[in-house]
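Here is the structure we will look at, set down as structure tokens.
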Amino acid sequence: MSVSQPAFRAALLDPAMPAPNGLSDGRGAPAQNRFDVYRNNVTVALVDALRTAFPILRRLVGDNTFDQLALIHARAHPPRSPLMMHYGQDMPTFLEGFEPLAHIGYLRDVARLELGLRRAYHAADAAPMDPQVLAACPPETLTASTLHLCPPVMCIPSAWPLFDIWRFNTEPGAPKPQAVAQSVLITRPAFDPLPHALTLAQGAWMAAIAQGGTVGAAQDAATTQDPDFDLTPLLTLLLWQGAIAGLTTPKD
Amino acid sequence: MLDATLTPPRLPAAPGVGYKAQHFNALRDDPGPVKWLEVHAENYMGDGGRPHAQLRALREGFDISVHGVGLSIGGAGPLDPDHLNRLKHLVDWLEPQSFSEHLAWSTHGAEFLDDLLPLPYTTDTLTCVADHIDEVQSTLGRRMLLENPSSYLAFDESTWSETDFLAELVRRTGCGLLLDVNNVFISATNLGYTPEGYIDAYPTDAVGEIHVGGHDEDTDETGAPLLIDSHGRATAEPVWTLLHHALSAVGPAPVLVEWDNDVPDWPDLRAEAERAGAALALLAG
Numbered sequence: 003m004s005v006s007q008p009a010f011r012a013a014l015l016d017p018a019m020p021a022p023n024g025l026s027d028g029r030g031a032p033a034q035n036r037f038d039v040y041r042n043n044v045t046v047a048l049v050d051a052l053r054t055a056f057p058i059l060r061r062l063v064g065d066n067t068f069d070q071l072a073l074i075h076a077r078a079h080p081p082r083s084p085l086m087m088h089y090g091q092d093m094p095t096f097l098e099g100f101e102p103l104a105h106i107g108y109l110r111d112v113a114r115l116e117l118g119l120r121r122a123y124h125a126a127d128a129a130p131m132d133p134q135v136l137a138a139c140p141p142e143t144l145t146a147s148t149l150h151l152c153p154p155v156m157c158i159p160s161a162w163p164l165f166d167i168w169r170f171n172t173e174p175g176a177p178k179p180q181a182v183a184q185s186v187l188i189t190r191p192a193f194d195p196l197p198h199a200l201t202l203a204q205g206a207w208m209a210a211i212a213q214g215g216t217v218g219a220a221q222d223a224a225t226t227q228d229p230d231f232d233l234t235p236l237l238t239l240l241l242w243q244g245a246i247a248g249l250t251t252p253k254d
Numbered sequence: 033m034l035d036a037t038l039t040p041p042r043l044p045a046a047p048g049v050g051y052k053a054q055h056f057n058a059l060r061d062d063p064g065p066v067k068w069l070e071v072h073a074e075n076y077m078g079d080g081g082r083p084h085a086q087l088r089a090l091r092e093g094f095d096i097s098v099h100g101v102g103l104s105i106g107g108a109g110p111l112d113p114d115h116l117n118r119l120k121h122l123v124d125w126l127e128p129q130s131f132s133e134h135l136a137w138s139t140h141g142a143e144f145l146d147d148l149l150p151l152p153y154t155t156d157t158l159t160c161v162a163d164h165i166d167e168v169q170s171t172l173g174r175r176m177l178l179e180n181p182s183s184y185l186a187f188d189e190s191t192w193s194e195t196d197f198l199a200e201l202v203r204r205t206g207c208g209l210l211l212d213v214n215n216v217f218i219s220a221t222n223l224g225y226t227p228e229g230y231i232d233a234y235p236t237d238a239v240g241e242i243h244v245g246g247h248d249e250d251t252d253e254t255g256a257p258l259l260i261d262s263h264g265r266a267t268a269e270p271v272w273t274l275l276h277h278a279l280s281a282v283g284p285a286p287v288l289v290e291w292d293n294d295v296p297d298w299p300d301l302r303a304e305a306e307r308a309g310a311a312l313a314l315l316a317g
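First to last, the protein sequences are chains A and B.
Going by the numbering used here, the first residue of the first sequence is number 3, and it counts up by one from there.
Going by the numbering used here, the first residue of the second sequence is number 33, and it counts up by one from there.
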């Protein structure tokens, strides 16, 4: 009796299935407990990886709920790459359809933020641009230019107080989240990703830039959200955090 | 078959440890007898950041062994070309002293199951594994070491012993072997043969590296001992004894202490490395 890898794999991820026929303990006795070692190894490894990936989500829902959720998720969505550092990409979508927690809307955004922080941690290194270049750029040129963000830099849009939720669950004594929409900007000045709260208008500006829009187009997107939008605080933050790698002017 | 002129520098016949980020400072300040480090390839396949920076710093002070856990060399399907390219990129910039992988499978189609799963030892699986090793060695342009698995069960369809299977892979591909004596002890206990007999039948000439590490003890439904390869504690006494037996057969070799879970403070891991060093010294003396 030969045991195919598809048969082995199917029984690994389905605890209701018996061990495939054709396996023994090496002395002729059946190998159910022994097969269960592999089954246990796989599920423990995947659940552990999700615990590592989503510490705040775990804190929010509690250890027991998280472990149950992680086991269901792991069996339904095994990794699609050996790069376990990125495992959990499907978690936000999975949470949307996970009935017991569907009423807690912000969990998906927390999962997106935690994925973003990991992606930023492993993103490529890039030297930030010299702020003087930006300062020397005439306003009409800047408006028609595109900015290149450093690889770790990204913005996680949210209709929830996402930054405050992150802070409340990572910083002792942080204030309780208030009912306000916050997008989160992730920067990585050295090696540790750092989240920052953005207003809706700032989030719209970042989204436009990240999509390759010009500074002028990003300004338009931001003023749609807030007619009084002032770019200065956001641009100062981006330069201070070394988040901009360079710019392409219309002449380039 | 690999061109022998492509063989890269070897690891020193000295103790090494599996690298854990929490030991970064201790390794710089107080490495003890540790001359080389093993890193898991997949942990350094991100694009940059701290993992890469630490690895660049570590290679200044230590020889490096890149140990893959995701290539699925024992997989029935083709190797993942994207993953093989990521591995080549890592090996090209890091220029490690060694690259090793496992006689196991871990992917099923596009799925990665994050465990080292067993394969039957048949003439068909031998051909498949040999083809995969050829592909890895020709892509990387270097000899690789293949590690024996820790086994919890046997396949009725197997027609080769594990030691003969490994010896034939060495003969066909020119690869070297990573002899994990903890895995030998685990498999021998679990499947009912003697670990010394396994090592006596093993192609020791091909060994380029030895592993020791900790395991957990359990029993199966018949009450038979079932050892689990946990890497979560100190190396067990019988495994140290088996290391002496292995070293007498292999000669001086790089010996790695693996401790991947419940990672201890540095002095405890250093003490394990000292014990590996003492085993090597006993051989030399």
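Cβ coordinates follow ideal geometry from the N, Cα and C atoms, glycine included.
Asked	Found
Proximity test, Cβ basis, 8 Å: Asp3(B) and chain A	Missing from the structure shown is residue 3(B); chain B here goes from 33 to 317 and no further.
Sequence-distant residues of its chain with Cβ nearer than 7 Å to Thr236(B) (five each side left out)	Ala281 and Val282
Bridge partners - Phe187(B), DSSP secondary structure assignment	Leu25(A)
is_contact[Tyr230(B), chain A] using C-beta, thresh 8 Å	no
Alpha-carbon spacing of Val287(B) relative to Pro177(A), whole angstroms	52 Å
Test: Tyr40(A) CB closer than 8 Å to a CB of chain B	yes
Closest Cα partner of Phe131(B) within the set Leu145(B), Asp114(B), Ala73(B) and Ala85(B)	Ala73(B)
Classification of Ser6(A) by the beta-carbon crowding that lies within 10 angstroms, buried from 16 upward	exposed
Test: Gly118(A) CB closer than 8 Å to a CB of chain B	no
Segment contact, 8 Å Cβ cut-off, at least three pairs: the segment 55-66 of chain A with the segment 34-43 of chain A	no
Neighbourhood of Arg42(B) by C-beta, 8 Å cutoff - its chain only, sequence neighbours within 5 removed	Gln129, Ser130, Gly240 and Pro286
Among Trp162(A), Ala18(A), His150(A) and Leu109(A), the one whose alpha carbon lies nearest that of Leu71(A)	Leu109(A)
Residues that Asp214(B) contacts on chain A, provided the C-beta gap is smaller than 7 Å	Contrary to the premise, residue 214(B) reads as Asn rather than Asp in this sequence. Going along chain A, no residue has its Cβ under 7 Å from Asn214(B), so there is no contact; the nearest lies around 15 Å.
Backbone CA spacing between Gly93(B) and Ala220(A) [nearest angstrom]	48 Å
Under 7 Å by beta carbon: chain A residues contacting Phe187(B)	Val5, Gly24 and Leu25
Segment contact, 8 Å Cβ cut-off, at least three pairs: the segment 262-271 of chain B with the segment 240-247 of chain A	no
Candidates Asp124(B), Asp95(B), Leu177(B) and Glu143(B): closest to Ser83(A) by CA position	Glu143(B)
Residues sharing a beta bridge with Val101(B), DSSP	Paired residue(s): none; Val101(B) is not in a bridge.
Exposure label - Ile74(A); buried when at least 16 CB within 10 Å	exposed
Of the listed residues Val213(B), Ile242(B) and His243(B), nearest to Gly229(B) (C-alpha basis)	Val213(B)
Residue-level contact to chain B via CB, Asn2(A), 8 Å cutoff	Residue 2(A) lies beyond the range of chain A shown here (3 to 254); nothing can be said about it.
Contacting residues, own chain, Cβ-Cβ under 6 Å from Pro65(B) (five flanking each side not counted)	Pro47, Ala305, Glu306 and Gly309
Beta-carbon proximity of Ser147(A) to Thr216(A), cut-off 8 Å	yes
Residue ranges of each beta strand (DSSP E) within the segment 37-98 of chain B, 3 or longer	47-50 and 68-72
Residue from Arg121(A), Asp92(A), Leu52(A) and Cys157(A) with nearest C-alpha to Gly80(B)	Arg121(A)
Positions along the segment 238-264 of chain B whose CB lies within less than 7 Å of some CB in chain A	Asp252, Glu253, Thr254, Ala256, Leu258 and Ile260
Collapsed DSSP secondary structure at His198(A) in the structure displayed	strand
Opposing strand residues paired with Thr148(A) [DSSP bridges]	Thr216(A) and Thr250(A)
Cβ shell of Glu98(A) (< 8 Å), same chain only, five flanking positions each side left out	Ala104 and Arg110
Backbone CA spacing between Phe96(A) and Asp95(B) [nearest angstrom]	43 Å
Neighbour-count burial assignment, Met24(B), 16 or more Cβ in a 10 Å radius	With chain B covering only 33 through 317, there is no way to say anything about residue 24(B).
Contacts that Asp79(B) makes with chain A (C-beta to C-beta distance below 7 Å)	His124, Ala125, Ala126 and Pro153
Interface flag, Leu87(B) vs chain A, CB-CB below 8 Å	no
Length-filtered (3 minimum) beta strand (DSSP E) runs lying within the segment 129-172 of chain B	130-134, 137-140 and 143-149
Within chain A, partners of Leu149(B) - CB distance below 7 Å	Phe10 and Tyr40
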